[in-house]
Amino acid sequence: MAADSDPESEVFEITDFTTASEWERFISRLEELLNDWKLIGSRVGKPLEKGEITSSSWEENTQEINFADFKFSITHHCLKQESAENGSREEAEEDVCPLALQDLLCMNNDFPPRAHCLVRWFGVREFVVISPGTNCEAVVSESKCNLLLSSVSIALANTGCLVPLFVQIQQKWRKMYAGECQGPGVRTDFEMVHLRKAPGQYTHLSGLLDIFKNKMSCPLTPLPPVSISIRFTFVLQDWQQCSWPQQPPDFDALLAGEVGGVEFGKLPFGACEDPISELHLATTWPNLTEGIVVDNDVYSDLDPLQAPHWSVRVRKADNPQCLLGEFLMEFFKLCCRKESTEEILGRNPVEEEGKENSDITQALSKLTEPAAVPIHKLSVSSMVHSARKRMRRHRRAEESPLNNHVLNSILLYLFPDAALDKTDLSDVKSTQHSPGGKTESEDYHLYNQLKSAPSDSLTYRLALCVCMVNFHHGGVRAVAHLWQEFVLEMPVCCSLRLACGAPDLRCCLLHQKLQVKLLTLTHDHDSTSMNRACTVLLITVFVCVPQEPAPMTEDLLEEQSEVLAKLGTSAEGAHLRARMQSACLLSDMESFKAANPGCCLEDFVRWYSPRDYVEEEVVDEAGQTVIRGDLSTRMKIPGNMWVEAWETAKATPARRQKRLFDDTKEAEKVLHYLALQKPSDLTLHLMPCVLHAALLKIKEEEASEDIASVRKALQQVTAHASKLLRHPNPDFKKLEDLILQMSAVEAVIARARSLKAKFGIAGGEREEDADELERFVSCLLEEPEVSVIGAGRGPAGNIIHKLFVSSQRAALLAPMEDEAGRSGGTDDRKAVPDFPPPAGREVLLRTCVPRPAPYSKALPQRLFCVLLRDEFRLAGAFSSDTSFFGADRPAQVKWVAGFRK
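In terms of UniProt numbering, the sequence shown has 142 at position 142, counting the first letter as 1, and numbering is strictly consecutive.
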C-alpha cells in the first residue's frame, strides 16, 4: 500500500507525436533543396535539337543530406540550354506538361554517344538523382527502396516540382534507378529491370513489343502504333590486310635492327603496337513503325548493310607503348640513380694498390736522382692523354659497356672537327654563321623558353647521344662510360658546335660550362691583341683595349651574389663589397693610364662612363662661350671607390697585369666540375635539351598529319615545360607528368597514322574520295562518335564493310572473294556472313496511350531495351492520368519481381 501511495509511482511516459521523425526531416530537407535549386514550377523550354544532348554542356550541383545516420548524395543534372524566355517559370498555367514528358517522345537524340545513362535511357534534359553517399552501403532491401520512393513522391507533391527525381538502388555497378515525375493530373513512373542473361523469348523485337504492351495495359483495342528505333553495334578487333605504318628497323644501322631505331642525332617516334584496339560500328534504324519490320527468333529484316544510318567510334588501346615516350621515361629514371661514375664502372683495386706502392718506393730515388723537367709536356692535353691510357689499360675490353665502334661513332658525331683539316674547319664555321639559315626559325629559338641549348650545339647533341646510349647500349653503365670519355675528349677538341663569347645565361648550366671551356681553348695570349697602346684618338685621349672580364656561369653568379649579400648593409661591408666588384675597374684604369700618360680621373670617366661626365657651356674671361666638363655629383662623394681605385692604379699595360681571365685555371675548374658530375646530375643537366628535342620531333611529325588537338596540346606542353625547366631543381613528379603528356600527344599522332593506314589514305595516296576520308579520320580522333556519310554505300562505309568481311573470313578460315573466284567455289564464301553477331542490341519503343482508363488523357510511354552478351536491361517510363485515379505503386514492384523470378 505504501508503494501505491508513493507520488513517483504515478509518473508515466508521454510520447509527443508532434515531434518530427527522421523520415519527416529527410523529406523536409529534400524539399528545401528543390526550393534552393529553383526547381519549383514549370520550366519553359524549346524542343531539343538534333545532337544537342551530346554537343551542349551539362551543369551539376551536389548536396548531401542524412536520413538518420545514413548519408545520401543528391545531384541535380541540367542541360545548359537557352530557352525562349531565359528559363522563366510558368506559374499561371495549371495544366502545363512537364518537359520530361516531351523529352520521352523526342526522336532527335536517340542513342547519344556520350551522356549520362539516365539521359540515354529516358532522354530527359533535367533530373535529380539521390544515391547513397561515399562509403555507404547500397540500398538493397525492397522496404528501403519503397520508403525512398515514397519520400520522393511526397516531396514532389508538396513542392510542385516538375523535374523527375530518381533513386539509385541495388549495387552501384548495376546502375539501377527508380524514379518519379509528377505534373498537374499526370504522373510518370521510371522503372528498371536488370538481369545477367536475357530470357529466350525476349531476345528479339517481337518479344520486347509483347513486354511493352503488357506493361502499358492499355484498355483500347486496337492499340495505337508503336514507334521503334533499333541500333545494332558490331565490334571489329582483328585488323586484316592493314599495313602497320611504323617504320621498319634499319639492320645496317648501329642499333642492330631494333623497331623504330634511328641513327644518332634523331629521336625515334611511333607506337610499337596498334594504338587502335577496336572499331565499333553502330547501324541504326530510326523511327520505324510496328509491322514494317520483322525480327523474331526465326527471321529478321535487320540487315546491317541496309541500315539507313551508320556511325563509328574507335576504342583506343590503353597506354600504348610509344618509342619516344619510352626513350624519355628511361632517360628520366636516371635522375633517381645516386651512384657516381667510379661506383658504376668500378676500379681495379689490385692495380690501384700496386700503383700507389710503386709511387712510394720510388719517392727517394726521384728526390736524389737529377732529372730534367720537360716543361713543354706539362699541359692539359698531355695529362688527359696519359689519364686516358691509364684508364683504358685498367679496364679490359670485355668490361667496357660501349664497344669501340659505337664509342668512336658517337665521339665523331659529337666532335666532327676532330676529323676535319683547317680548310674544312673554316668552311664549316662560315656555313654555321651565315645569316638567314636555320638559326632564324622559330623552332630554333625554342631553347630560350626551355632553358635548353641551340639545336645545333654540342650540348644538344650530347643529350641525344646520352638518351640513345641509355636506351640501346647498356643503360646507366653505358652513360657513365660515355660521360667519362666525353670529359677526357673535351680538353683537346675545339668544337664547332658551341657559340663563341660569354656564357649564354638563357641556356642550361652544362652548356654554359662548355662555353667557358671553349673560351679557355680559344683564348689568345698575344700581347698585341691584349692591349694596344694607341688605337683611337678621341679628343686628346688615347683609347685602350683593356682585359676582358672573366666569364661567369649562372652558378658562379649565384655564389657571388650570396657572398656579397652576406657582407651585410654596414659601411664596412659596403666598402668591402665595392672593392670586390672593382677588380675589373682597377685593371681598366691601369690600362688607361698606360695608354695615356699624365691623364686624370676626368679623362677616364669621360671615356669609361660618359654619363658621369657633365658638360656645360660657360663664358670665359675673354667673353667667349666654351664647353667645360666636370665629374657628376656621385663621383665627388668623399670616399668614392672610383677615386680610391684611381689613386691606387698604376700605369700598367694589360699584357703585364695579372690576368682577370686565367684560362688554365678556368679550364681546370670546368674539367673538375664535369668530372664530379654523376650520371643523375648529367641527366638533370641534359633534361631540358632532351625535352626540347622531343618537342621538335613531335612538331615535325605533326606537320605531316595536321591535327588541331595536337597543336593545341603542344602549346600547353611547351608552356608547362617553360615554367618547369626554369627552376634549377625541377620537381620530379612534375617532370614525369610532362613526359606522360608528351607520350599522350605521340599516341594521338600514332592513332591518326593507324586510322589513315586502315582507311587507305596513308602514304600520300590520292583517290576520288580521299578528302572525305581524311575528314572522317580527323573526326574519329576528335569526336566520340562519327556518322558515316552514305552509310554502307559511302566511301568510308565500303572500307568498313571490307574490313569486317576480311576479319570474318580470317576468323572462319574461309577464302577471300577473289581467291574463291579463282578456285571456282562460291558456296563457302556465301555461307560466311559479312558481319559477326552484334555485340550489343538496343531497342527503343515509344507510343502515346490513355492510362489507366479509355477516357484518360493520352500520355507518353517509353521502353529502352539493352541486350548484351552478359547483360539484359529494361528501362521503362510509364505515364498515368491521375486526375480521377490514385497511384499504383505495387505494380512496379510486381513487374520487377516477375523478371527476377
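In this text, a Cβ means the ideal position worked out from N, Cα and C, and glycines have one as well.
Subject >> Given P275 as reference, the closest of P638, L874, L631 and A747 once Cα atoms are compared >> reply: What you label residue 275 is simply residue 275 of the sequence shown in a count that begins at 1. Checked all of P638, L874, L631 and A747; the closest Cα to P275 is A747.
Subject >> Distance between E330 and M468 (C-alpha atoms, nearest Å) >> reply: Numbered from 1 along the sequence shown, position 468 holds the residue referred to as residue 468. Numbered from 1 along the sequence shown, position 330 holds the residue referred to as residue 330. Going by the C-alpha atoms only, they are around 10 Å apart.
Original post:
Excluding five sequence neighbours on each side, which residues of the same chain lie with their C-beta closer than 8 Å to the C-beta of L755?
Top reply: If you number the sequence shown from 1, residue 755 lands on position 755. I276, V314, V777, L780 and L781.
**OP:** Check whether the segment 678-691 touches the segment 333-341, counting contact only when three or more Cβ pairs, one atom from each stretch, lie closer than 8 Å.
**Re:** Remark: three or more beta-carbon pairs, one from each stretch, lie closer than 8 Å, so the segment 678-691 and the segment 333-341 are flagged as touching.
**OP:** Under 6 Å Cβ to Cβ from W121, same chain only, skipping five residues before and after it: list those, please.
**Re:** Working through the sequence shown from its first residue, we reach residue 121 at position 121. So the qualifying residues of the chain are F864 and A875.
**OP:** Give the DSSP-derived three-state secondary structure of Y855 in the structure shown.
**Re:** Start at 1 with the first residue of the sequence shown, and residue 855 comes out as number 855. Reduced to three states, the DSSP call for Y855 is coil.
Subject >> V670 versus S28, H472, P503 and L323, residue with shortest Cα-Cα distance >> reply: As a working mapping, residue 670 is identified with position 670 in the sequence shown. Nearest C-alpha to V670 among S28, H472, P503 and L323: P503.
Subject >> Complete runs of the alpha helix (DSSP H) confined to the segment 197-230 [at least 4 residues] >> reply: As far as the segment 197-230 is concerned, its whole alpha helix (DSSP H) runs of at least 4 residues are 205-216.
Original post:
With a Cβ-Cβ cutoff of 9 Å, do L48 and D103 count as a contact?
Top reply: As a working mapping, residue 48 is identified with position 48 in the sequence shown. As a working mapping, residue 103 is identified with position 103 in the sequence shown. Judged by beta-carbon spacing, D103 lies within the 9 Å limit of L48, meaning their Cβ atoms are closer than that value.
**OP:** Verify whether the separation of the beta carbon atoms of F264 and S409 is less than 9 Å.
**Re:** Translated into positions along the sequence shown, residue 264 becomes position 264. Translated into positions along the sequence shown, residue 409 becomes position 409. Contact: yes.
**OP:** Output the distance between the C-alpha atoms of D295 and R114, rounded to the nearest integer angstrom.
**Re:** Taking the first residue of the sequence shown as position 1, residue 295 is located at position 295. Taking the first residue of the sequence shown as position 1, residue 114 is located at position 114. Between D295 and R114, the C-alpha separation is close to 28 Å.
**OP:** Could you tell me if G257 is buried or exposed, where buried requires 16 or more neighbouring beta carbons within 10 angstroms of its beta carbon?
**Re:** Sequence index remark: in the sequence shown, residue 257 carries index 257 (1-based). Residue placement at G257 is flagged as unreliable, the pLDDT there being 40, under the threshold of 50; a coordinate-derived value is accordingly withheld.
Original post:
For C272 versus C322, is the C-beta spacing smaller than 9 Å?
Top reply: As a first step, residue 272 is located in the sequence shown; it is residue number 272 there, counting from the start. As a first step, residue 322 is located in the sequence shown; it is residue number 322 there, counting from the start. Yes; because the gap between Cβ atoms is below 9 Å, this pair is in contact.
Original post:
alpha helix (DSSP H) containing F776: first to last residue?
Top reply: The residue given as residue 776 occupies position 776 in the sequence shown. First-last of the alpha helix (DSSP H) with F776: A770 to E782.
**OP:** Alpha carbon to alpha carbon, how far is E31 from Q449? Give it in angstroms, no decimals.
**Re:** Translated into positions along the sequence shown, residue 449 becomes position 449. Translated into positions along the sequence shown, residue 31 becomes position 31. Computed Cα separation, rounded: 56 Å.
**OP:** Quick one: measure Cβ to Cβ for I749 and E702, integer angstroms, because I've assumed they're closer than 8 Å.
**Re:** Locating residue 749 in the sequence shown gives position 749, where the first residue counts as 1. Locating residue 702 in the sequence shown gives position 702, where the first residue counts as 1. About 6 Å separates the beta carbons of I749 and E702, which is inside the 8 Å limit, making them a contact pair.
Subject >> Own chain partners of A478 with C-beta closer than 7 Å, once the 5 adjacent residues on each side are dropped >> reply: By 1-based counting over the sequence shown, the position of residue 478 is 478. Cβ within range, chain order: P401, L402, V469 and N470.
Subject >> Pick from L867, F878 and A877 that is closest to R231, judged by C-alpha positions >> reply: Locating residue 231 in the sequence shown gives position 231, where the first residue counts as 1. Nearest of L867, F878 and A877 to R231, Cα basis: L867.
Original post:
Among V235, L773 and K734, which one has its Cα closest to the Cα of P837?
Top reply: Along the sequence shown, one-based indexing puts residue 837 at 837. Selection V235, L773 and K734 evaluated against P837 yields V235 as nearest (Cα-Cα).
Original post:
Residue range of the beta strand (DSSP E) that N158 falls in?
Top reply: Along the sequence shown, read from residue 1 onward, the residue named residue 158 stands at position 158. No beta strand (DSSP E) contains N158, which is instead part of the alpha helix (DSSP H) from E142 to T159.
Original post:
Where do the N-terminal and C-terminal ends of the alpha helix (DSSP H) with Y447 fall, by residue?
Top reply: Taking the sequence shown and counting its residues from 1, the one referred to as residue 447 is at position 447. Element bounds for Y447: L446 to L450.
Subject >> Residues of its chain near P860, where Cβ-Cβ distance is below 6 Å and the 5 sequence neighbours each way are ignored >> reply: As a working mapping, residue 860 is identified with position 860 in the sequence shown. Excluding positions up to five away in sequence, the list reads L101, L104, L105, C848 and S879.
Original post:
Over what stretch of residues does the alpha helix (DSSP H) that includes C689 continue unbroken?
Top reply: Translated into the one-based positions of the sequence shown, residue 689 becomes position 689. That run of the alpha helix (DSSP H) goes P679 to A703.
Subject >> T459, DSSP secondary structure in three states >> reply: Position 459 of the sequence shown, counting from 1, holds the residue named residue 459. Reduced to three states, the DSSP call for T459 is helix.
Subject >> Close Cβ partners of P854 (< 8 Å) along its chain, the five nearest in sequence each way excluded >> reply: Here the question's residue 854 lines up with position 854 in the sequence shown. Cβ neighbours of P854 beyond the five flanking positions: P219 and L220.
**OP:** Kindly list the residues whose CB is nearer than 7 Å to the CB of R461, restricted to its own chain and excluding five residues on each side of it in sequence; keep chain order.
**Re:** Translated into positions along the sequence shown, residue 461 becomes position 461. By the criterion of a C-beta distance shorter than 7 Å, R461 is surrounded in its chain by G265, Y413, L414 and R497, once the five residues flanking it on both sides are discounted.
Original post:
Taking Cβ positions, are I627 and V618 nearer each other than 9 Å?
Top reply: If you number the sequence shown from 1, residue 627 lands on position 627. If you number the sequence shown from 1, residue 618 lands on position 618. The answer is yes: Cβ separation under 9 Å.
**OP:** Determine, using beta carbons only, whether I228 and W285 come nearer to each other than 9 Å.
**Re:** What you label residue 228 is simply residue 228 of the sequence shown in a count that begins at 1. What you label residue 285 is simply residue 285 of the sequence shown in a count that begins at 1. I228 places its beta carbon less than 9 Å from that of W285.
Original post:
Do you know how far the Cα of F190 is from the Cα of T882?
Top reply: By 1-based counting over the sequence shown, the position of residue 882 is 882. By 1-based counting over the sequence shown, the position of residue 190 is 190. C-alpha separation (whole angstroms): 16 Å.
**OP:** Quick one: using the 10 Å Cβ neighbour count with 16 as the cut-off for buried, is D588 buried or exposed?
**Re:** Your numbering for residue 588 matches position 588 in the sequence shown. In this structure D588 is buried. Its beta-carbon is surrounded by 16 or more other beta-carbon atoms within 10 angstroms.
Original post:
According to DSSP, what are the bridge partners of H194?
Top reply: Stepping through the sequence shown from its first residue, residue 194 is reached at position 194. Residue pairing by DSSP puts H194 in a beta bridge opposite R873.
Original post:
Would you say H727 and L509 are within 9 Å of each other, going by their C-beta atoms?
Top reply: One-based indexing of the sequence shown puts residue 727 at position 727. One-based indexing of the sequence shown puts residue 509 at position 509. Not a contact, by the Cβ cut-off of 9 Å.
Original post:
Closest to A155 by CA distance: which of Y177, Q182, G133 and E142 is it?
Top reply: The sequence position of residue 155 within the sequence shown is 155, counting from 1. Looking only at Y177, Q182, G133 and E142, the smallest Cα-Cα distance to A155 is reached by Q182.
**OP:** Look at L725 and D731 and say whether their C-beta atoms are less than 9 Å apart.
**Re:** For the purposes of this step, residue 725 is taken as the residue at position 725 of the sequence shown. For the purposes of this step, residue 731 is taken as the residue at position 731 of the sequence shown. Contact: no.
Original post:
How is the alpha helix (DSSP H) around Q716 delimited, first residue to last?
Top reply: Along the sequence shown, one-based indexing puts residue 716 at 716. Segment A708 to L725, the alpha helix (DSSP H) holding Q716.
Subject >> Boundaries of the alpha helix (DSSP H) in which S277 is found, first to last residue >> reply: Counted from its first residue, the sequence shown places residue 277 at position 277. Per DSSP, S277 lies in no alpha helix (DSSP H); the unbroken beta strand (DSSP E) holding it starts and ends at I276 to T289.
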